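Q: Pasting in a structure now, in structure tokens, and then I'll have a few things to ask.
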Amino acid sequence: MANSDKRFLYTDDNGTLCIVCPCDENMSLDEIKARDCPSGKTVYTVDKSEIPTDRTFRNAWTYTE
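In terms of our numbering, the sequence shown opens at residue 2 and continues consecutively.
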């Protein structure tokens with residue numbers, strides 16, 4: 002499975018759900034997460050198919066495991 006098939010989710014200090022879209026490159030998902038996501042935050046790795054495609058209420062999105 003390609004890195005671009007995954008997303009990293011975390012909540013920032015303002016309570017906004019942040020979505021990081023890794024690209025396909027010569028790094029593992031763990032390396033990309035360490036580089037692109039803040040330390041000290043809980044970061045979830047999900048399939049991109051779990052992200053809603055309707056962005057109407059995107060600012061209200063939350064994530065629970």
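Positions of the beta carbon are idealized from the N, C-alpha and C atoms, including for glycine. From a predicted model like this one, the values you see are computed outputs, not experimental measurements.
Should L10 be labelled buried (16 or more other beta-carbon atoms within 10 Å of its own) or exposed?
A: The residue in question, L10, is buried, as its Cβ has 16 or more Cβ neighbours within 10 Å.
Q: Cα separation between F58 and E26?
A: So the two alpha carbons sit approximately 31 Å from each other.
Q: What are the boundary residues of the beta strand (DSSP E) that D48 is part of?
A: Unbroken beta strand (DSSP E) run through D48: Y45 to D48.
Q: Pick helix, strand or coil for I20, following the three-state DSSP scheme.
A: Looking at I20 - three-state DSSP - the assignment turns out to be strand.
Q: Helix, strand or coil for V34, going by three-state DSSP, please let me know.
A: First, the residue type needs correcting, since residue 34 is Lys and not Val in the sequence shown. K34 falls in the helix class under three-state DSSP.
Q: Contact defined as beta carbons within less than 8 Å: I believe C24 pairs with S50. What is the distance between those atoms, to the nearest angstrom?
A: 17 Å between Cβ atoms; not a contact.
Q: Assuming R36 contacts C22 (C-beta within less than 8 Å), just tell me the rounded distance between them.
A: That belief does not hold up - the Cβ atoms of R36 and C22 are roughly 14 Å apart, past 8 Å.
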